[in-house]
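Visitor: Chains as they are written, first to last, in the numbering used here: chain A, 5 to 442; chain B, 44 to 336. Backbone N, C-alpha and C define an ideal beta-carbon position, used for all residues, glycine too. Quantities reported herein were computed from a predicted structural model and do not represent experimental measurements. Please see the structure below; I have some questions.
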Amino acid sequence: MALRHFGAAAAIAIAAGMTASPALAVTEIQWWHAMTGANNDVIVKLANDFNASQSDYKVIPTYKGSYPDTMNAGIAAFRAGNAPHIMQVFEVGTATMMAATGAVKPVYKLMADAGEKFDPKNYLSAITGYYSTSKGEMLSFPFNSSSTVMWVNLDELKKVNAEIPKTWPEVFEVAKKLHDNGHPTCGFSNSWVTWVNLEQLSAWHNVPLASKANGLDGFDTKLEFNAPLQEKHLEKLVELQKDKTYDYAGRTNQGEGRFTSGECAIYLTSSAFFGNVKAQAKFNFTAAPMPYYPDVKGAPQNSIIGGASLWVMGGKSADEYKGVAKFLTFLSDTDRQVYIHKASGYLPITKAAYEKAKAEGFYKDQPYLETPLLELTNKEPTENSRGLRLGNMVQLRDVWSEEIEQALAGKKTAKQALDASVERGNTMLRQFEKTAVK
Amino acid sequence: MQKQAIFQSKLLPYALVAPQLAIVLIFFYWPAAQAVIQSFLLQDAFGLSTSFVWFENYVELFSDPAYFETVVRTFFFSFAIAASSLSVALLLAVMADKPLRGGAVYRTLLIWPYAVAPPVVGVLWVFMLHPSLGVLSRYLRAAGIEWNPLLDGNQAATLVILAAAWKQISYNFLFFLAGLAAIPKSVLEAAAIDGARPMRRFWTVTFPLLSPTIFFLLVVNIVYAFFDTFGIIDTMTRGGPGKSTETLVYKVYNDGLIGGNLGSSAAQSVILMVMVIVLTGIQFRFVERKVTY
């Protein structure tokens, strides 16, 4: 980590040396982010390209640790009166950022003030919906987005003579077969247990996770996911956990190695897992759409995103904002979006970039890279599938995970666990509502 | 005999303690006072809206039954970590204190784990005992033990206690070794001549003479278990499954830093501070009486 950090710092220093000399008054723009490895290289390249393209502004990217670390660093810097201009915040932090009126400068305002050409309709609505008000005003700039997909080990499926399952009942059936034939410890599993089994499940079946369009329309939202669909799903997981046809793999993505090692042949997690799968899997694989329950009318709906967006912090000068706006325009460029998409495996955020990647035949060899996009754009988003915006989301997820763990361990029934998740979560939402700036 | 130092100047003694005093004030009292103030406030993460709520943060904590479970759990963890690391360290120290071929090598190896940072300890044990990644997990499964700390709370708790105690053993070992070296050999020899067997010699001579060391280590270990195990928990279980490995300090970190709920987090730190003050007070008031210096 420290080495990577150093590498980034060195790259910035070199970039600084190249661009600093001729300019008289270069406005510096601080960009804090949480990208490591190949994705960090993408960020450094984007900043360098922008700095080389003009001489008035200089974007300085700085790696600040994991997503929560970056966010906390930004919040601490803001409290100390020293916030960066641009901060990368994961989707889970959206409500916290949005509640901080005055601490952030909404992107739609930024672009209008700076006189930059900006049309929210150019961006994929399935992505921007997450970061926009109910009036369609974009609050933050989507940067790296992903979605949940079902990673499948094709070789193992072939061994048990199974097709790629499309529905949940089919998944359970195939998992049973896998479990009985060479996969005693894991028929199927998933990372991000609440994202996959509560958040995405609800959106994908067009049922609410919380009231007020899942919180997008106000902080006075209430959780509503202790409903029949989610209960049925969790009950099934509890039942299959008993003989490890389903095997719980932890709250975050720590269990992903179970797929690449071949232990689990079916694994639901982020589409951004692609880089690791490609590097490590010694078998034929694909990323199929998330399964659905065929008895739910209209399913599947559309999936929601994961990943992060760029927030512009408040209290900066007009000149600095002009530079930030120019940089966002620079990022929106079609070729640049195609580059980000190909280099990082994250989704393109503009319609034009998606079309271009398609026209170039990018998905012909790797159709599974289109899967998350097809899921996101499967249908026009509804109130239940536009996105999520719940305060204290990181902690909410922990609470929900705790309850799901209790259910899977047989200490609570599925119903009890979901009821407790909703009740405890609502208490936290009220707490958040109290502290949110009115 | 002259025991008191005489200072000619009236200011000199104050000047001499001033740096220490300044450090204590800046790094201990000021943050503690800040925590107390913060615990009466309700504030959003950015510090944009602040309201004074008196004891609401405390009331909320005390009306939450889960908080009491966390308190009980923390005491259990501290006791288990202190007891196991102290007893194992004492055993190892007594064995390493014997004249051994290559004794210095053993002693050095036993001290090593203390140099490992707590999060690294966590990762290390995870790699050994993670249900699917762990090397040891395979043997446990082969032996017919259903090992799954991701879902079994008791197993997760055992894992955390094991890792936390393991790391502390070296530190305790070092002090025990020094303590053992300070015991006059003539006393032990006299006991041996009187016909006391090794076990009896240990319990009647060595152990009482070690009591100051044991007492010191007990205080240090309890404080360690309360505050320093957070890195281990974060890398191993993040408080799960359920809440089975969530200790008070981990909750402070999680609510404050991850959740951005500074008021509640501050209230919890204040409670924690009071708890440790009381605990240390009890130790010095009652346990210390049994110590012979």
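Please report how far the alpha carbon of residue 57 (chain B) lies from the alpha carbon of residue 51 (chain B), in whole angstroms.
Guide: Computed Cα separation, rounded: 12 Å.
Visitor: Below 9 Å between beta carbons is the criterion; list the residues of the segment 72-87 of chain B that meet it against any residue of chain A, in chain order.
Guide: 85, 86, 87
Visitor: So which residues of chain B does residue 438 (chain A) contact, with C-beta pairs closer than 7 Å?
Guide: Those are 85, listed as they occur along chain B.
Visitor: According to a CB-to-CB cut-off of less than 7 Å, which residues of the segment 167-186 of chain B neighbour chain D?
Guide: In the displayed structure, chain D is absent; the protein chains listed are A and B.
Visitor: What are the residues of the segment 251-263 of chain A that lie near chain B, defined by any Cβ-Cβ distance shorter than 9 Å?
Guide: 251, 252, 253, 254, 255, 256, 258, 259, 261, 262
Visitor: Please decide whether residue 26 (chain A) counts as near chain B, where near means a Cβ-Cβ distance under 8 Å.
Guide: Reliability fails at residue 26 (chain A), whose pLDDT of 46 lies under 50, so the model's placement of it is uncertain and the value that follows must be treated cautiously. For residue 26 (chain A), the answer is no, since every Cβ of chain B falls outside 8 Å of its Cβ.
Visitor: If we call anything under 8 Å between Cβ atoms a contact, is residue 313 (chain A) one with residue 108 (chain A)?
Guide: no
Visitor: In whole angstroms, what separates the C-alpha of residue 5 (chain B) from that of residue 224 (chain A)?
Guide: This structure cannot speak to residue 5 (chain B), because chain B is shown only from 44 to 336.
Visitor: For residue 410 (chain A), which residues in chain B fall below 7 Å Cβ to Cβ?
Guide: Under the 7 Å cutoff, chain B gives 285.
Visitor: Verify the CB distance criterion: does residue 267 (chain A) have a CB-CB separation below 8 Å to chain B?
Guide: yes
Visitor: CA-CA distance, residue 241 (chain A) and residue 233 (chain A)?
Guide: 13 Å
Visitor: Taking C-beta pairs closer than 8 Å, name the residues in chain A that residue 195 (chain B) reaches, listed in chain order.
Guide: Annotation: Cβ neighbours of residue 195 (chain B) in chain A (cutoff 8 Å, chain order): 413.
Visitor: In its own chain, which residues sit with a C-beta less than 6 Å from the C-beta of residue 285 (chain A), not counting the 5 before and 5 after it?
Guide: 264
Visitor: What in chain A is Cβ-close to residue 304 (chain B), meaning under 9 Å?
Guide: Chain A residues near residue 304 (chain B): 396, 399, 432, 435, 436, 439.
Visitor: Expressed to the nearest angstrom, what Euclidean distance is found between the alpha-carbon atoms of residue 22 (chain A) and residue 59 (chain A)?
Guide: Caution applies to residue 22 (chain A), whose pLDDT of 49 falls short of 50 and renders its modelled position unreliable; the model cannot decide the point.
Visitor: Three or more C-beta pairs closer than 8 Å, one from the segment 296-304 of chain A and one from the segment 156-173 of chain A: is that the case here?
Guide: yes
Visitor: With a threshold of 8 Å between beta-carbons, can residue 88 (chain A) be considered close to chain B, or not?
Guide: For residue 88 (chain A), not one C-beta of chain B is nearer than 8 Å to its own C-beta.
Visitor: Check whether the Cβ of residue 89 (chain B) lies closer than 8 Å to any Cβ atom in chain A.
Guide: Look at residue 89 (chain B): its C-beta is under 8 Å from a C-beta on chain A.
Visitor: Check the DSSP bridge columns for residue 136 (chain A) and list the partner residues they point to.
Guide: Bridge pairing for residue 136 (chain A): A:142 [DSSP].
Visitor: Skipping 5 residues on each side, what residues in its chain have a beta carbon closer than 6 Å to that of residue 93 (chain B)?
Guide: Closer than 6 Å at Cβ, skipping near neighbours: 84, 86.
Visitor: Taking 8 Å as the CB-CB cut-off, is residue 79 (chain A) touching chain B?
Guide: yes
Visitor: Determine, using beta-carbon pairs with one atom in the segment 157-166 of chain B and one in the segment 241-250 of chain B, whether at least three such pairs fall under 8 Å.
Guide: no
Visitor: Can you tell me which of the three DSSP states residue 218 (chain A) falls into?
Guide: Note: residue 218 (chain A) maps to helix in three-state DSSP.
Visitor: Taking the C-alpha atoms as reference points, what is the distance between residue 107 (chain B) and residue 320 (chain A)?
Guide: 42 Å
Visitor: Just how far apart, CA to CA, sit residue 384 (chain A) and residue 130 (chain A)?
Guide: 8 Å
Visitor: Name the chain B residues that come within less than 7 Å of residue 405 (chain A), Cβ to Cβ?
Guide: Chain-ordered, the chain B residues with CB closer than 7 Å to the CB of residue 405 (chain A) read 283.
Visitor: Please confirm whether residue 344 (chain A) and residue 134 (chain A) have their CB atoms less than 8 Å apart.
Guide: In this structure, residue 344 (chain A) keeps its C-beta atom at 8 Å or more from the C-beta atom of residue 134 (chain A).
Visitor: When DSSP labels each residue in this structure, what does residue 292 (chain A) get in the three-state scheme?
Guide: strand
Visitor: For residue 250 (chain A), does the count of other Cβ atoms within 10 angstroms reach 16, so buried, or fall short, so exposed?
Guide: buried
Visitor: Mind checking whether residue 261 (chain A) and residue 176 (chain B) have CB atoms under 8 Å apart?
Guide: yes
Visitor: So residue 105 (chain B) packs on residue 290 (chain B), CB below 8 Å; how close in whole Å?
Guide: That pair is no contact at about 18 Å.
Visitor: Between the C-alpha atoms of residue 25 (chain A) and residue 316 (chain A), what's the straight-line distance to the nearest angstrom?
Guide: Low confidence applies to residue 25 (chain A): its pLDDT is 46, below 50, so where it sits in the model is not reliable, and the reading given next is rough at best. Rounded to the nearest angstrom, the two C-alpha atoms are 27 Å apart.
Visitor: At the level of alpha carbons, what is the spacing between residue 124 (chain B) and residue 204 (chain B)?
Guide: When rounded, the distance between both Cα atoms is 6 Å.
Visitor: Does the beta carbon of residue 76 (chain A) sit closer than 8 Å to a beta carbon anywhere in chain B?
Guide: At least one C-beta of chain B is nearer than 8 Å to the C-beta of residue 76 (chain A).
Visitor: Name the chain B residues that come within less than 7 Å of residue 38 (chain A), Cβ to Cβ?
Guide: Residues of chain B passing the Cβ test: none, with the nearest at roughly 14 Å.
Visitor: When you compare only the Cα positions, how much space is there between residue 228 (chain B) and residue 277 (chain B)?
Guide: Their backbone Cα atoms lie some 45 Å apart in a straight line.
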